[in-house]
Amino acid sequence: KTTRLETEVDELTTQVRVVEASNQDLKDQLESALEDKVFLQTDYDDMEKTHELSSERLRSEILELKSELFAVQSKISTACPRPMSSSAVQNEAEVARESFLSSLIDENPFRPSLSLEIDMEENDKHIRILQDEMREPGDRLQAEEDRPADLEAQLV
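Per the numbering used here, the very first residue in the sequence shown carries number 250; after that it's consecutive.
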């Protein structure tokens, strides 16, 4: 009978050691998970600050490009006014436009008569380039705005 009790005590002691070891492993895992969470939260906060700075920089860049685009479009519209809807105004505008074109040609007789058209094509190219340049920061801004949601999903 004593051997049976001793065996049971040994088995219970072994089980207690196993439970204590499991408990310690779980504590270590919890501590490690908490450390990882702190590091991830710090990284997330840093990335959020970087995102805010990038977003602000991209917004500024977009505003600068828009103002440059507006300036180019204004230059084009003042250099070559468009005709109005009524025929009298339209004729007057056409005469003014032809006068403007001929004055440009007269100012520089060595330039071919297509020089204004070439300038306008270059301005159109410049506008397209500016629009493309605006599209890139816009895409980057969108990606930066989507980034916190992706990081939050990873944290969870």
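Ideal Cβ positions, reconstructed from N, Cα and C, are used throughout, including at glycine.
- In this structure, the alpha-carbon of aspartate 373 lies about 43 Å from that of tyrosine 293.
- Distance check between leucine 390 and each of Thr251, Thr256 and Glu301 places Glu301 closest, using alpha-carbon atoms only.
- Under the three-state reduction of DSSP output, lysine 250 falls in the coil class, being neither helix nor strand.
- For the 8 Å CB-CB criterion, isoleucine 376 and leucine 318 form a contact.
- Considering only Leu400, Arg396 and Val268, the residue with the shortest C-alpha distance to serine 303 is Arg396.
- Pairing methionine 296 with leucine 404 gives a Cβ-Cβ distance that is not under 8 Å.
- In this structure, proline 386 places its C-beta atom within 8 Å of the C-beta atom of glutamate 310.
- Looking at Leu307, Ser326, Lys286 and Glu394, the one whose alpha-carbon comes closest to that of methionine 383 is Leu307.
- At a Cβ-Cβ threshold of 8 Å, valine 321 and leucine 379 count as neighbours.
- Distance from the Cα of lysine 324 is smallest, within the candidate group Glu371, Glu260 and Thr291, for Glu371.
- The alpha-carbon of aspartate 388 is positioned some 47 Å away from that of aspartate 274.
- The beta carbon of leucine 314 sits closer than 8 Å to the beta carbons of Leu379, Glu382, Met383 and Pro386 from its chain, once the five residues preceding and following it are set aside; these are given in chain order.
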